[in-house]
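First up is the structure itself, then whatever we jot down about it.
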């Protein structure tokens, strides 16, 4: 006859039994519960508009009229539209030039701000100002700066005898593109500078000490210590900047509305004119959606390149 | 005692539940409770350039309507240039406003979501001297009035009387050729012209289309199909525009928006532009010396011997998605009675030129006699894209600035043949004929 186990032995045995699986599931469920709000938020405010945008682009859909499914007809129309191809050129020029200038300028600014000097914190705060001021407001200020009659730039140029009438910053197609790029760089530079500054401050000082002992000069320390360690941050900032610049709207809409003669029209401004002014939501959505493939390609290419480096 | 109290409490809870249930059910089925105030109506409007105009509605008309009918009117203003986006949102969601202001060709673009108000329009027209013919061009869609016309914000020539006098012009030139002659002399004296050729809302269309029409050119025939940008008349007009621009105008006009010419005129940079009454209005208020020497004139005549003007109409519609269509129609009918209209027009002097003949000799036209050309321009005004009927492709041609950019490219040096060929191809492509 087998002796019955005592209560304490049963208790010990129970403790040895593996934890029931439902506890794990409970933990997973809790995790999902926590993730659910942001997932729902993303689905509602990013996923739905995105899918709806794709759907709209496949329809002949005017404001206040029933939709007709037309497949890729809107994209074919875009492909035959000379303004669309001008918009493609403009957007690439605008994005590439502005992003390159912001990257170079932002890196320079970050390196300067990483040095020790008086009022360092005040300068860092002031650098952020263009990024803090609402874009529409700062762009209106730029309208005055670029106005031929009231422009401070023209006033200086005229008084120095450089250009007697003063350039037409927003009237000349080339200068207009240069002007919108300039304003975009002015607005986007702080984003680069502050983020890269944060990246610079994570680089351990010992590495610079070791490099100095090895006899490197300041350029070599930048080339072989700073740049490689800053690369991940630089990648992220450039990706963000590419996306924001490619899809820019406010700045161009306020300054030129795409003029003169479409010289500064970007995907977003052109899409808005078609969708809102002409009331053709489907066609407008197809122009906006045309941003997606080049943007995705840019991002993938840049990521692969940076990884290989 | 205890039992009675308990019974009473139970009855009270039951009553509360019953009332709550009935109330909830009532609100769910939408049954109006006895004596309930009528639902307020939302009247969506663009902010007026004339502050007194909006103030008059808020302080006078809105409260008056509420006093007479018990219905509150929420006068919701959007900032200048953003109303169309807001209207699109209301149309797409089917809620947000009941009565709305329209610009340009909106009654045609959105006609399926606007209530037929032909009966109100006919009644108002009959009682107040009849409508200008051009009013119908802006609101009658397939024989139905989809909006009640309000007023036209005309675009005419604004010029410096004193500077024109200095170069030998005691009155504003009658033809475009004479204006060119005056412009050459004025530019030589440091007083160039400033005509917008950028992507603005109205001041570009305000002179380009009338110039084109006065040369006998247009982009699409009245059949709404035949694209005729590439014509001899258009070539002559583009040649003239390039010559006119290069000899009389500031280069910066190519990048101007609608505020630029006001600013340039009031800072005495330019001697002539095409604009609404706003320049004279601001000049009299803020720059009285400039105000004294500012004149307003009809657009010049072209080689056809005719002069034209842009139709920039304001009108009011009722959304099919209005919370109470009958109440909204009732309000619109009330708003268009002389007791209301006369005061509202007068609050803006003559900035909104009425489409009703009853106001042709109204007192507000005598406040500033220099505004009279805005009344006289009504009969020769048309929507951009005229003489073709309003259509989706036509709206797209305007939204893409095809005609404006054709002239802008020519003025910045493009060959006439090339710019016309490009525009012809664009218009054909938009009309599905490419």
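Protein chains in written order, with this note's numbering: chain A, 464 to 772; chain B, 737 to 1170. Each residue gets a CB set at the ideal place from its N, CA and C atoms; glycine is no exception.
Just to confirm the assignment, what range does the beta strand (DSSP E) spanning residue i have?
{"i": "residue 885 of chain B", "result": "884-888"}
{"i": "residue 813 of chain B", "result": "809-814"}
{"i": "residue 626 of chain A", "result": "No beta strand (DSSP E) holds residue 626 of chain A; DSSP gives it neither H nor E."}
{"i": "residue 1009 of chain B", "result": "1008-1011"}
Grouping DSSP H, G and I as helix and E and B as strand, with all else coil, what is residue i?
{"i": "residue 1140 of chain B", "result": "helix"}
{"i": "residue 786 of chain B", "result": "coil"}
{"i": "residue 662 of chain A", "result": "helix"}
{"i": "residue 827 of chain B", "result": "helix"}
{"i": "residue 1146 of chain B", "result": "helix"}
{"i": "residue 1171 of chain B", "result": "No statement about residue 1171 of chain B is possible, as the shown extent of chain B runs from 737 to 1170 and does not include it."}
{"i": "residue 429 of chain A", "result": "The structure shown does not extend to residue 429 of chain A, since chain A is modelled only from 464 through 772, so no value can be given for it."}
{"i": "residue 1031 of chain B", "result": "strand"}
{"i": "residue 1064 of chain B", "result": "helix"}
{"i": "residue 538 of chain A", "result": "helix"}
{"i": "residue 912 of chain B", "result": "helix"}
{"i": "residue 851 of chain B", "result": "coil"}
{"i": "residue 1002 of chain B", "result": "helix"}
{"i": "residue 578 of chain A", "result": "coil"}
{"i": "residue 778 of chain B", "result": "strand"}
{"i": "residue 743 of chain A", "result": "strand"}
{"i": "residue 1118 of chain B", "result": "strand"}
{"i": "residue 590 of chain A", "result": "helix"}
{"i": "residue 1169 of chain B", "result": "coil"}
{"i": "residue 929 of chain B", "result": "strand"}
{"i": "residue 509 of chain A", "result": "helix"}
{"i": "residue 653 of chain A", "result": "helix"}
{"i": "residue 1127 of chain B", "result": "coil"}
{"i": "residue 727 of chain A", "result": "coil"}
{"i": "residue 752 of chain A", "result": "helix"}
{"i": "residue 741 of chain B", "result": "Confidence in residue 741 of chain B is poor, its pLDDT being 41 and thus under 50, which makes the residue's placement too unreliable to answer from."}
Assuming residue i is part of the alpha helix (DSSP H), what are its boundary residues?
{"i": "residue 893 of chain B", "result": "Counting along the chain, residue 893 of chain B falls outside any alpha helix (DSSP H), though it belongs to the beta strand (DSSP E) covering 892-896."}
{"i": "residue 683 of chain A", "result": "681-684"}
{"i": "residue 672 of chain A", "result": "668-676"}
{"i": "residue 714 of chain A", "result": "713-718"}
{"i": "residue 972 of chain B", "result": "968-984"}
{"i": "residue 1154 of chain B", "result": "1152-1166"}
{"i": "residue 801 of chain B", "result": "798-805"}
{"i": "residue 963 of chain B", "result": "Where residue 963 of chain B is concerned, there is no enclosing alpha helix (DSSP H), given that its DSSP letter is neither H nor E."}
{"i": "residue 943 of chain B", "result": "941-950"}
{"i": "residue 771 of chain A", "result": "755-771"}
{"i": "residue 1111 of chain B", "result": "1108-1112"}
{"i": "residue 1082 of chain B", "result": "1074-1083"}
{"i": "residue 992 of chain B", "result": "Run containing residue 992 of chain B: none; DSSP gives neither H nor E here."}
{"i": "residue 1019 of chain B", "result": "1014-1022"}
{"i": "residue 693 of chain A", "result": "690-709"}
{"i": "residue 687 of chain A", "result": "No alpha helix (DSSP H) holds residue 687 of chain A; DSSP gives it neither H nor E."}
{"i": "residue 844 of chain B", "result": "842-845"}
Which residues does DSSP pair with residue i in a beta bridge?
{"i": "residue 837 of chain B", "result": "B:1052"}
{"i": "residue 877 of chain B", "result": "B:880"}
{"i": "residue 522 of chain A", "result": "A:532"}
{"i": "residue 1090 of chain B", "result": "B:887"}
{"i": "residue 935 of chain B", "result": "Residue 935 of chain B is not bridged to any residue."}
{"i": "residue 1037 of chain B", "result": "B:911"}
{"i": "residue 867 of chain B", "result": "B:1092"}
{"i": "residue 956 of chain B", "result": "B:963"}
So residue i packs on residue j, CB below 8 Å; how close in whole Å?
{"i": "residue 631 of chain A", "j": "residue 987 of chain B", "result": "5 Å"}
{"i": "residue 602 of chain A", "j": "residue 646 of chain A", "result": "6 Å"}
{"i": "residue 946 of chain B", "j": "residue 1035 of chain B", "result": "5 Å"}
{"i": "residue 527 of chain A", "j": "residue 827 of chain B", "result": "4 Å"}
{"i": "residue 895 of chain B", "j": "residue 1031 of chain B", "result": "5 Å"}
{"i": "residue 1181 of chain B", "j": "residue 1118 of chain B", "result": "This structure does not reach residue 1181 of chain B, given that chain B is present from 737 up to 1170, and the question cannot be answered."}
{"i": "residue 942 of chain B", "j": "residue 891 of chain B", "result": "3 Å"}
{"i": "residue 950 of chain B", "j": "residue 882 of chain B", "result": "About 30 Å separates the two Cβ atoms, so there is no contact after all."}
(Q) Within 8 Å, do at least three Cβ pairs link the stretch 1118-1132 of chain B to the stretch 906-924 of chain B? (A) Look at the beta carbons and you see the stretch 906-924 of chain B not touching the stretch 1118-1132 of chain B: under three pairs across the two are nearer than 8 Å.
Q. Pairing CB atoms from the stretch 1007-1027 of chain B with CB atoms from the stretch 656-673 of chain A, are three or more of them under 8 Å?
A. With the cut-off at 8 Å, the stretch 1007-1027 of chain B and the stretch 656-673 of chain A do not touch.
(Q) Taking 8 Å as the cut-off, does the stretch 746-764 of chain A touch the stretch 531-545 of chain A (at least 3 CB pairs, one atom from each stretch)? (A) yes
Q. Just checking, does the stretch 1056-1073 of chain B make contact with the stretch 956-976 of chain B on the three C-beta pairs under 8 Å criterion?
A. no
Q: For the stretch 521-554 of chain A, enumerate the residues whose C-beta is nearer than 9 Å to any C-beta of chain E, in chain order.
A: The chain labelled as chain E is not found among the protein chains of the depicted structure, namely A and B.
(Q) Any contact between the stretch 1083-1099 of chain B and the stretch 849-868 of chain B? By contact I mean 3 or more CB pairs, one from each, below 8 Å. (A) yes
Q | the stretch 945-964 of chain B contacting the stretch 1042-1050 of chain B, beta-carbon criterion three pairs below 8 Å | A | yes
Q. Should the stretch 812-819 of chain B be called in touch with the stretch 779-791 of chain B, which here means at least 3 C-beta pairs below 8 Å?
A. yes
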